[in-house]
Each structure stands twice: as C-alpha cells, then as structure tokens.
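K.L.:
The sequence shown begins at 26 in the numbering used here and counts up one residue at a time.
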Amino acid sequence: MSKTVAMEDIVSLTKRRGFIYQGSELYGGLSGTWDYGPLGIQLKRNISNAWWKFFVEDRDDTYGIDAAILMNQKVWQASGHVDGFSDPLVEDMVNKKRHRADHLLEDAGVENVAAMSTEQMNQAFKDNNIKSPDGNELSEIRQFNMMFQTNVGAIQDETSVSYLRPETAQGMFVNFKNIVDSFSPNIPFATAQIGKAFRNEISPRDFIFRVREFEQMEIEVFAHPDNWREVFDEWLELQKQFYLSIGLPEEKLHFIDVPAEDRAHYSKHSIDSEFDYIIGQKELGGCAYRTDHDLSAHMKHSGKNLEYRPKDGSPAFVPHVIEPTFGLDRLVLAVIDSSYVEDEVNGEKRVYLKLPKHLAPVKVAVSPLLKNKPELVEKAREVYAQLKKDIGSVMWDDNGNIGKRYRRQDEIGTPYCVVIDFDSLEDNSVTVRHRDTTEQERVAISDLVGKIS
Numbered sequence: 026m027s028k029t030v031a032m033e034d035i036v037s038l039t040k041r042r043g044f045i046y047q048g049s050e051l052y053g054g055l056s057g058t059w060d061y062g063p064l065g066i067q068l069k070r071n072i073s074n075a076w077w078k079f080f081v082e083d084r085d086d087t088y089g090i091d092a093a094i095l096m097n098q099k100v101w102q103a104s105g106h107v108d109g110f111s112d113p114l115v116e117d118m119v120n121k122k123r124h125r126a127d128h129l130l131e132d133a134g135v136e137n138v139a140a141m142s143t144e145q146m147n148q149a150f151k152d153n154n155i156k157s158p159d160g161n162e163l164s165e166i167r168q169f170n171m172m173f174q175t176n177v178g179a180i181q182d183e184t185s186v187s188y189l190r191p192e193t194a195q196g197m198f199v200n201f202k203n204i205v206d207s208f209s210p211n212i213p214f215a216t217a218q219i220g221k222a223f224r225n226e227i228s229p230r231d232f233i234f235r236v237r238e239f240e241q242m243e244i245e246v247f248a249h250p251d252n253w254r255e256v257f258d259e260w261l262e263l264q265k266q267f268y269l270s271i272g273l274p275e276e277k278l279h280f281i282d283v284p285a286e287d288r289a290h291y292s293k294h295s296i297d298s299e300f301d302y303i304i305g306q307k308e309l310g311g312c313a314y315r316t317d318h319d320l321s322a323h324m325k326h327s328g329k330n331l332e333y334r335p336k337d338g339s340p341a342f343v344p345h346v347i348e349p350t351f352g353l354d355r356l357v358l359a360v361i362d363s364s365y366v367e368d369e370v371n372g373e374k375r376v377y378l379k380l381p382k383h384l385a386p387v388k389v390a391v392s393p394l395l396k397n398k399p400e401l402v403e404k405a406r407e408v409y410a411q412l413k414k415d416i417g418s419v420m421w422d423d424n425g426n427i428g429k430r431y432r433r434q435d436e437i438g439t440p441y442c443v444v445i446d447f448d449s450l451e452d453n454s455v456t457v458r459h460r461d462t463t464e465q466e467r468v469a470i471s472d473l474v475g476k477i478s
C-alpha cells in the first residue's frame, strides 16, 4: 500500500503534469500566487461548472451575477472592511520578515487564539517564549489591513481610492435591489457568484490553501427573519450534498459549530466545513447567518431603501441573509488531495489521481499502439476525431511506449485510455484500459461513446 503522502508529493505532481505552477516563476516567483496550467484550469472549471449547475441551473430560486472587482470605496466603508478587515502582524526583529501572530501561536499549541485580543496575544507570546520561525525575537503585535488599495482614474487623491475586493459577497448585497426590481422574486431567494477575491495575506502558505489571489463561490440567501433557521438548515444540507457530489469522502468532512467568540462580527450563527487535508483538518467553506447586518449597513450609508415588500401585502422588512461560501482553490486542493493514490502494478510503483469522472480534466486518451505505423495512426486519428466531437475532453497521446503513456495518463487522472492496434484494422474494435483497476477490455468503435459516457 502507499506511503504517507506529503504536500511535496502533490506540489511535484501538479507542476510536472501541468496543473499548477508557481506564479511569476520565471522571475523567482511571487509569494502567495499560483498559475493554473492547462489541466489545472480544466479541473478548476469542471468543479465550478458542477457548482453552478448544482446551485444555480438546477434551481429556480437562485440568480447568478458577476459583480465588478473594483467597487466604490463607500461599499467597503459601509461594510466595515476599511476599519476592521485586518490580521495581527508580528515582525522578526533581525531579518524583518513578517508573520501572522495567530498562526505562530497556533503552531506553538496555544488554544483559543481566535478569541484573544491583541493584548492577550502579546501576553501569550511572552508566557510561551515564542520566537520567529528563524529563532529571533519578535515585535509587538499590530493590526494589518489585508485589502489591496489602488486608485481609479488619472488623479490620485482620497476620492479616487478603491480596493481589490477581499470578498465577492458585497457585490451581491449592493445588487439586491436590482435583482428584486428586475425579477420580482418570492422570498426566500438567493444570488450566486463565482469570482476572484484578493487579500494581502501576511504569510501565505500550504500551496494553494492560503494565497493572496483566490477564487470564491458564494451564495447569499435572502430570507424572512422569522424563518432564518429553517433556511439555514436547508442550505447547510445542500452544501454537504455538493461536497459529496464532487467526490469528497464523507469521513474527511467535518461541520464545526463556531462558538460566539470565534465568529465574524456580523454572524449570529456559523457552521464551518472543514476537510482532512494532508496538512491537517482545515477550513474548506462555511455557512453563516449574517442577519440583516449587510443590507441595513448599505441602506444606512447609501440612503436607499433596501426593504423587501411581500407580494401578499404584508409589512415590508429588511431580509436576513444566510451565506454558504466555498473556496474554489481549496476545493481544487481537496479534490486532488483525496484523489491522490500510490499503489503497485506488476511490482512497480504507480501514482494516479482517482478523480471523479465528471471532474477529470481529460476524459479519454487515444493512442496508436505504434506511432511509426501509418495505418495505425490514421485509424487512431479517426477514433480521436469522433471522440473529440462527442466527448470534448480527449487527449492524443503517442509519446513513448504504451506503458509510459498509461502511467502519464494515470497521473493526470484520465479515466480511460483507448488504444488502436493491428486487430482494430480488422474488427473495428479497440482496447479500453480503465484507470482505477488497470483492467483492459475490447470495445467496438461504434460502442465507444456510449461505453465511456
């Protein structure tokens, strides 16, 4: 059976096979940034497409939007991000490297860090004699705002300030009235969005788990304040079912009731979904009851009425919000993590990604048994063209011998390899090799699409 898999194994495979590269690698990289290669972006899109179908296309009460990344600075003032979106920072007094204070405390085994004030964290550093990762003395903690600030327009002054959004949620809150005016939805209803968000993390780490540029998939469910709990429970269950639908093992999923002292200031109830990554049990997503905090704040600061008027003539009210949120990059890591398998085939080590078939970036690889035999190549090209037309995610692979091709396709998670041999020229059948079992079977070319689909 396989050895204990390390994060280095996954990082190595994803780079070697074209899933994920270090951002700006040509120039030494940029910390906290990663580039998705051809196979990585396809896997990422397959996950996001599955999410969109599950939560938007298959429902009649969810409205998709794509809000701008740059927003009026007043949005972030109203939401509280300008004044309060910060992390505790400490600095190595010798080499000036900066670190998240809460991460260093947690790494040292200090408990209940999230509930500590800055003063309590400073005292915990002293009590536990915590040094920097390089063994040096640390500065006092100060708060560091994580938003990336920029300016809009030719003149740079206070009025031109904007920010790269640190979350996608606010774009849905400021469009609440637009959705109501355009579609007159019955409540409860939801808005959904997939998009980039940016946080100037002090110490990004653990591959694509904690980064400075990432992609969120978020839903804002607008509900009557009297039945928020019913709506919350419904969407939490949907969140669980989605995780299972993309192949995450149920035994690796944990749903943690977040205590009051650890919740965001806007939340009255939160359930974090956590996953057993190679790096330990870490947050994958969450479901939060945000009350009317956001709509009321934007109503106050904008002066616009954001109440919902029921169609039955009952009193208007400011909806309360249930927010299921998902980190797309963390989902990619969870899918790869749970799919990574090492075994032995004929006495040789094999690494393969046991990806769910609907998520695999390549569904089928087509090969001629020998690439120097024109008649095999011609027949293989015909099969490839037909599968490409009917299935789409099909790869042509004639590099190296057939054994090396199988290993390469196993590593990228391709469920099926189709090989055209000399018998194919006579009986119009091919060899189909299955990724998980390595078993092979003969299938008529006319039956291929149905068999693979």
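For every residue, glycine included, the Cβ atom is placed at its ideal position computed from N, Cα and C.
Note that the structure is predicted; figures quoted are calculated from it, not measured.
Can you give, in chain order, each stretch of the beta strand (DSSP E) that sits fully within the segment 115-168 and has at least 3 residues?
P.N.:
Counting whole runs of 3 or more residues, the segment 115-168 contains the beta strand (DSSP E) stretches 123-125.
K.L.:
Give me the Cα-Cα distance between D448 and G305, rounded to the nearest whole angstrom.
P.N.:
Taking the first residue of the sequence shown as 1, we reach residue 448 at position 423. Taking the first residue of the sequence shown as 1, we reach residue 305 at position 280. Near 50 angstroms, if we compare the C-alpha coordinates of G305 and D448.
K.L.:
When you compare the CB positions of V408 and V455, do they come within less than 8 angstroms of one another, or not?
P.N.:
Working through the sequence shown from its first residue, we reach residue 408 at position 383. Working through the sequence shown from its first residue, we reach residue 455 at position 430. Cβ atoms of V408 and V455: closer than 8 angstroms.
K.L.:
Please list the segments of the beta strand (DSSP E) lying wholly inside the segment 253-322, counting only runs of 3 or more residues, in order along the chain.
P.N.:
278-282, 294-302, 305-316, all fully within the segment 253-322.
K.L.:
To the nearest angstrom, report how far apart V474 and S104 are at their CA atoms.
P.N.:
Within the sequence shown, numbered from 1, the residue matching residue 474 stands at position 449. Within the sequence shown, numbered from 1, the residue matching residue 104 stands at position 79. Rounded to the nearest angstrom, the two C-alpha atoms are 51 angstroms apart.
K.L.:
Please name the residue, chosen from K307, A313, S270, that lies closest to P284 on a Cα-to-Cα basis.
P.N.:
Against the sequence shown, residue 284 aligns to sequence position 259. Out of K307, A313, S270, A313 has the C-alpha closest to the C-alpha of P284.
K.L.:
Nearest CA to the CA of Q102: which residue from V402, E286, M324, V36?
P.N.:
On the sequence shown, residue 102 is found 77 positions in, with the first residue counted as 1. The shortest Cα separation from Q102 among V402, E286, M324, V36 belongs to M324.
K.L.:
So, with DSSP's three-state summary, where would you put F351?
P.N.:
Within the sequence shown, the letter at position 326 stands for residue 351. It is a strand residue.
K.L.:
Under the rule that 16 or more other beta-carbon atoms within 10 Å means buried, what is M26, buried or exposed?
P.N.:
For the purposes of this step, residue 26 is identified with residue 1 of the sequence shown, where counting begins at 1. Note that M26 has pLDDT 40, beneath the 50 cutoff, so the model's placement of it is unreliable and the number below is only indicative. M26 comes out exposed.
K.L.:
Is the beta carbon of H124 closer than 8 angstroms to that of I227?
P.N.:
Position 202 of the sequence shown, counted from the start, is the residue given in the question as residue 227. Position 99 of the sequence shown, counted from the start, is the residue given in the question as residue 124. A contact, by the Cβ cut-off of 8 angstroms.
K.L.:
V457 lies in the beta strand (DSSP E); which residues open and close that run?
P.N.:
By 1-based counting over the sequence shown, the position of residue 457 is 432. First-last of the beta strand (DSSP E) with V457: 454-459.
K.L.:
Between P158 and M171, is the Cβ-Cβ spacing less than 8 angstroms?
P.N.:
Mapped onto the sequence shown, residue 158 falls at position 133. Mapped onto the sequence shown, residue 171 falls at position 146. In this structure, M171 does not lie closer than 8 angstroms to P158 by Cβ.
K.L.:
In the structure shown, what three-state DSSP assignment does I227 receive?
P.N.:
Within the sequence shown, the letter at position 202 stands for residue 227. Of the three classes helix, strand and coil, the one that applies to I227 here is coil, per DSSP.
K.L.:
Does M197 pass the burial test, meaning 16 or more other C-beta atoms within 10 Å, or should it be called exposed?
P.N.:
For the purposes of this step, residue 197 is taken as the residue at position 172 of the sequence shown. By the 10 Å Cβ count, M197 comes out buried.
K.L.:
Could you check whether R430 and R375 sit closer than 8 angstroms to each other, using their CB atoms as the reference points?
P.N.:
Your numbering for residue 375 matches position 350 in the sequence shown. Your numbering for residue 430 matches position 405 in the sequence shown. Contact: no.
K.L.:
DSSP three-state call for V211: helix, strand or coil?
P.N.:
Stepping through the sequence shown from its first residue, residue 211 is reached at position 186. Per the sequence shown, residue 211 should be read as Asn rather than Val. Three-state result, N211: coil.
K.L.:
S471: buried (16+ other C-beta within 10 angstroms of its C-beta) or exposed?
P.N.:
If you number the sequence shown from 1, residue 471 lands on position 446. Looking at its Cβ environment, which holds fewer than 16 other Cβ atoms inside 10 Å, S471 is exposed.
K.L.:
Report, in whole angstroms, the separation of the C-beta atoms of G272 and E240, which I expect to be a contact under 8 angstroms.
P.N.:
Taking the sequence shown and counting its residues from 1, one reaches residue 272 at position 247. Taking the sequence shown and counting its residues from 1, one reaches residue 240 at position 215. Going by Cβ atoms, the distance from G272 to E240 rounds to 19 angstroms, so no, they are not a contact pair.
K.L.:
What does DSSP give as the partner residue(s) for D368 in the beta ladder?
P.N.:
Counted from its first residue, the sequence shown places residue 368 at position 343. DSSP output for D368 lists R375 as bridge partner(s).
K.L.:
Sort L278, L263, S363 by Cα distance to V30 and report the nearest one.
P.N.:
Within the sequence shown, numbered from 1, the residue matching residue 30 stands at position 5. Selected option, being the one with the closest Cα: S363.
K.L.:
What separation, rounded to the nearest whole angstrom, lies between the Cα atoms of C53 and F44?
P.N.:
Sequence index remark: in the sequence shown, residue 53 carries index 28 (1-based). Sequence index remark: in the sequence shown, residue 44 carries index 19 (1-based). It should be noted that the sequence gives Gly, not Cys, for residue 53. Near 19 angstroms, if we compare the C-alpha coordinates of F44 and G53.
K.L.:
Relative to the alpha-carbon of E183, which residue among N252, N97, Q218 has its alpha-carbon at the smallest distance?
P.N.:
Counting from 1 along the sequence shown, the entry for residue 183 is found at position 158. The candidate whose alpha carbon is nearest that of E183 is N97.
K.L.:
Report the partner residues of M420 according to the DSSP bridge assignment.
P.N.:
For the purposes of this step, residue 420 is taken as the residue at position 395 of the sequence shown. In the DSSP output, where bridge partners are listed per residue, M420 has A390.
K.L.:
By the 10 Å Cβ neighbour count, where 16 or more other Cβ atoms means buried, how is Q195 classified, buried or exposed?
P.N.:
Reading the sequence shown from its first residue, position 170 is the one you call residue 195. Under this definition Q195 is a buried residue.
K.L.:
T216 by DSSP, collapsed to three states: which one?
P.N.:
What you label residue 216 is simply residue 191 of the sequence shown in a count that begins at 1. The answer is strand: DSSP assigns T216 an E or B state.
K.L.:
Could you compute how far the alpha carbon of T426 sits from the alpha carbon of L395?
P.N.:
Position 401 of the sequence shown, counted from the first residue, corresponds to residue 426. Position 370 of the sequence shown, counted from the first residue, corresponds to residue 395. Checking the sequence shown, residue 426 turns out to be Asn, not Thr. When rounded, the distance between both Cα atoms is 8 angstroms.
K.L.:
In angstroms with no decimal places, state the Cα-to-Cα distance between P344 and Y302.
P.N.:
As a working note, residue 344 is residue 319 in the sequence shown. As a working note, residue 302 is residue 277 in the sequence shown. So the two alpha carbons sit approximately 36 angstroms from each other.
K.L.:
Only counting the same chain, and skipping five residues up and downstream in sequence, which positions put a Cβ closer than 7 angstroms to that of D461?
P.N.:
Sequence index remark: in the sequence shown, residue 461 carries index 436 (1-based). Excluding positions up to five away in sequence, the list reads K379.
K.L.:
Just to confirm before moving on: does the CB-CB distance between P393 and N71 stay below 8 angstroms?
P.N.:
Residue mapping note: residue 393 aligns to position 368 of the sequence shown, counting from 1. Residue mapping note: residue 71 aligns to position 46 of the sequence shown, counting from 1. No, these two residues do not count as a Cβ contact at 8 angstroms.
K.L.:
Would you call L356 buried or exposed, if buried means 16 or more other Cβ atoms sit within 10 Å of its Cβ?
P.N.:
In the sequence shown, residue 356 corresponds to position 331, counting from 1. Burial call: buried.
K.L.:
Which residues does DSSP pair with S187 in a beta bridge?
P.N.:
On the sequence shown, position 162 is the one that residue 187 refers to. Its beta-bridge partners are T175.
K.L.:
For R467, which three-state DSSP category applies?
P.N.:
On the sequence shown, residue 467 is found 442 positions in, with the first residue counted as 1. The answer is strand: DSSP assigns R467 an E or B state.
K.L.:
Can you tell me which of the three DSSP states Q241 falls into?
P.N.:
In the sequence shown, residue 241 corresponds to position 216, counting from 1. Residue state, collapsed to three classes: strand.
K.L.:
Taking the alpha carbon of E373 as the reference point, which residue from G428, K265, L189, N176 has its own alpha carbon closest?
P.N.:
Here the question's residue 373 lines up with position 348 in the sequence shown. It is G428 whose Cα lies nearest to the Cα of E373.
K.L.:
What's the C-alpha gap between T58 and Y46?
P.N.:
To locate residue 58, count along the sequence shown from 1; it is residue 33. To locate residue 46, count along the sequence shown from 1; it is residue 21. Each residue's Cα considered, the two are about 9 angstroms apart.
K.L.:
Does the beta-carbon of G438 have 16 or more other beta-carbons within 10 angstroms, so that it is buried, or is it exposed?
P.N.:
Taking the sequence shown and counting its residues from 1, one reaches residue 438 at position 413. Counting Cβ neighbours within 10 Å, G438 comes out buried, since at least 16 surround it.
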